[in-house]
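So the sequence shown is numbered by the working numbering: it starts at 1176 and just counts up by one.
First comes the structure, then the notes that go with it.
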Amino acid sequence: MIDTKSTGHGTWSSRFAYILAATGSAVGLGNIWKFPYITGENGGGAFVLVYLACVLLIGIPIMMAETMLGRRSQRNPIEAMELLTKESNADSNWHYLGWMGVIAGLLILSYYSVIAGWSTAYVLKAFTGSFIDADASAIKTIFDNFISSPIQLLFWHSLFMLATLAIVVRGVNNGLEKAVQYLMPALFVLMFLLVGYAMTTGSYFQGLHFLFSPDFSKLTANSVLTAMGHAFFTLSLGMGAIMVYGSYLSKDISISKTVFIIAGADTLVALLAGIAIFPIVFANNLHPNSGPGLIFETLPIAFGAMTGGWLMGILFFVMLTVAALTSSISLIEPTVAWLVENKGFTREKACLWSGGVTWILGIGTIFSFNVWSDFKIFERNIFQLLDYLTANLMLPIGGFCIAIFAGWIMLAQHSEAELNMPSTESYKIWKILISYVAPASVFFVFLHVVGVL
Ligand code: TRP
């Protein structure tokens, strides 16, 4: 069928390597920084429940579909969609999906890199002992002073972009595996230790109650959209990142099993982050809806107060930075792969261009936390606009199209062969989820937000 040898496209060294890389892409700022603060802004339990339902019913089936499209074509997303439409005799407009993915990836990376830069900056703050015995208001002052300085934010954003490019230029399936192999287990241990600290704050059950007892009166149409968008964001779905990772996957590996492992690990990290953070929020009379600064205003309190907190603080922000790195490379890789494979760029030149564009875009996000904080369109600053446009609109639209393509356009015999599910029943369940449940859910959430329903 598809000739893979002539494309110069790489392959993961093993199933384990693939799981590590894809988990590395999924687990990142989305789990530890974004999930807690959007949960706080959207009232807690009910929001968490909708998010979990979206992961299970929309995210997992679409992740299987996206991996499958990548592996079947063994191409970068733009070319993959061109090739797969030909194979299915479908309309050639489907390749715009690949295009939207490339744009969404760069837009997300532009603000992702800025926030990852905060995490890197906090490694230094932890190291110099800024958090030791600091109370909640001192920690907040540190954060406020930091984000009010465009120069500092620009410095850390630039550093993080450079680190991302330094890895991507070598190719994602070279060298990345080792980093993730040690990072993931270490990150889990640290999250459990932080949960242990949360238990000592005296507000542990208040935190759990906030996270897990749903109050549906707090749920607005926009909260539901945010929860759904976050399911896409946290699993890296809807823009071709998982497609490009799937394209490096060899044919003998079970897609369904690996997807369950990746989605399970991702969800666990997010929930642990929530369980660690909200008790600290309540114990210090902070507000759950403090926005993007939430983890930077809460976790340092824990590091300042606990024994061994100095070292834990350093380790935590190092790991968060590395977790962000293993995600950021998947945001830029579809663009780089396409520039190299289709436009004849060298890998260096492709990194320079895509990285340069993203770096410049990031300046908009930096300014939205200080000099342009009052500049708003539709009541949102630049960072919030970019986040809404990508996570709440582009990713769900991309995911919707992937679902339609996998469920309705691609021949069933192809998807069945590619997914190679443990039983025909499980294939049928996937087929129903991908053809009906996932696209209809996305569609209805959109209708609801627009106000038609
Ligand atoms: N999933 C990552 C996180 O949770 C972010 C991310 C990486 C991403 N690649 C992506 C989001 C592709 C959307 C699409 O931090």
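Backbone N, C-alpha and C fix where the C-beta goes; we use that ideal spot for every residue, glycine too.
query                                                                                                                                                                 : result
Given Cys1526, which residues of its chain have a CB within under 7 Å of its CB, disregarding the five upstream and five downstream residues?                         : Leu1340, Val1343, Val1344, Val1511
Taking 7 Å as the limit between beta carbons, can you name the residues of its chain near Lys1180, skipping five residues before and five after?                      : In this predicted model, Lys1180 has a pLDDT of only 42, less than 50, meaning its place in the structure is not dependable enough to derive any value.
Indicate the three-state DSSP secondary structure (helix, strand or coil) for Ser1181 in the structure shown.                                                         : Bear in mind that the predicted position of Ser1181 carries a pLDDT of just 44, short of 50, making it unreliable; the figure below should be weighed with that in mind. In the structure shown, Ser1181 sits in a helix (DSSP, three-state: H, G or I).
Do we get a CB-CB distance below 7 Å when we pair Ser1502 with the residues of chain B?                                                                               : Absence of chain B from the displayed structure is noted, only one protein chain being present.
Under 7 Å Cβ to Cβ from Glu1472, same chain only, skipping five residues before and after it: list those, please.                                                     : Ile1314, Lys1315, Phe1318, Leu1461, Ser1465
What residues match up with Arg1555 in a beta bridge as DSSP calls it?                                                                                                : Ile1552
What do you reckon, are the CB atoms on Met1366 and Gly1276 nearer than 7 Å?                                                                                          : no
On a Cα-Cα basis, can you pick out the residue from Gly1479, Gly1531, Leu1560 that is closest to Leu1281?                                                             : Gly1531
May I ask whether a heavy atom of the ligand TRP can be found less than 6 Å away from the beta carbon of Ser1288?                                                     : no
So, are the CB atoms of Pro1360 and Leu1608 less than 7 Å apart?                                                                                                      : no
Just tell me which of Gly1449, Trp1547, Ile1579, Gln1559 has its CA closest to the CA of Gln1381.                                                                     : Gly1449
Given the structure, does Leu1204 come close to the ligand TRP, in the sense that its CB is under 6 Å from one of the ligand's heavy atoms?                           : yes
So is the beta-carbon of Leu1506 under 6 Å away from any non-hydrogen atom of the ligand TRP?                                                                         : yes
Less than 7 Å separating the beta-carbons of Ser1425 and Thr1186?                                                                                                     : yes
Does the beta-carbon of Phe1580, which I'm using as the reference point, lie nearer than 6 Å to any heavy atom of the ligand GDP?                                     : With respect to the ligand GDP, the structure offers nothing, as its ligand set consists of the ligand TRP.
Would the region 1406 to 1423 and the region 1239 to 1259 be scored as touching if the rule is three or more Cβ pairs under 8 Å?                                      : yes
Spatial neighbours of Glu1591 within its chain, please: CB distance less than 8 Å, with the 5 preceding and 5 following residues excluded, ordered by chain position. : Tyr1602
Where does Lys1426 fall in DSSP's three states?                                                                                                                       : coil
Can you tell me the Cα-Cα spacing of Ser1323 and Val1624, whole angstroms?                                                                                            : 33 Å
Which of the three DSSP states, helix, strand or coil, is assigned to Met1176?                                                                                        : Residue placement at Met1176 is flagged as unreliable, the pLDDT there being 33, under the threshold of 50; the coordinate-derived value follows with that caveat. In this structure, Met1176 counts as coil in the three-state DSSP scheme.
Please state the DSSP three-state secondary structure of Met1596.                                                                                                     : coil
Could you spell out where the alpha helix (DSSP H) holding Asn1320 opens and where it closes?                                                                         : 1311 to 1322
Could you have a look at Gly1531 and say whether DSSP puts it in helix, strand or coil?                                                                               : helix
Could you tell me if Met1176 is buried or exposed, where buried requires 16 or more neighbouring beta carbons within 10 angstroms of its beta carbon?                 : Summary for Met1176: the model assigns pLDDT 33, below 50, so the residue's position carries little reliability; its value from the coordinates is reported in the next sentence. Burial call: exposed.
Below 8 Å, how does it come out for the region 1264 to 1273 and the region 1439 to 1458: are there three or more Cβ pairs, yes or no?                                 : no
Is Thr1409 close to the ligand TRP? I mean its beta-carbon at under 6 Å from any heavy atom of the ligand.                                                            : yes
I need the boundaries of the alpha helix (DSSP H) containing Ser1333, first residue and last residue.                                                                 : 1325 to 1343
What does the alpha-carbon distance come out to for the pair Phe1453 and Val1223?                                                                                     : 13 Å
Please classify Ser1616: does DSSP put it in a helix, a strand, or coil?                                                                                              : helix
Candidates Ser1288, Leu1400, Ala1338: which alpha carbon is nearest Val1225's?                                                                                        : Leu1400
Would you decide whether Val1620 is buried or exposed? Buried here means 16 or more other CB atoms lie within 10 Å of its CB.                                         : buried
Which whole-angstrom value is the C-beta distance of Met1336 and Trp1528, which I expect to be below 8 Å?                                                             : Not really, about 13 Å apart at Cβ, beyond 8 Å.
Going by other Cβ atoms of all chains shown within 10 Å of its Cβ, with 16 needed for buried, is Pro1571 buried or exposed?                                           : buried
By DSSP, does Met1569 sit in helix, in strand, or in coil?                                                                                                            : helix
Tell me which residues share the same chain as Val1612 and place their Cβ nearer than 6 Å to its Cβ, disregarding the 5 neighbours each side in the sequence.         : Leu1232
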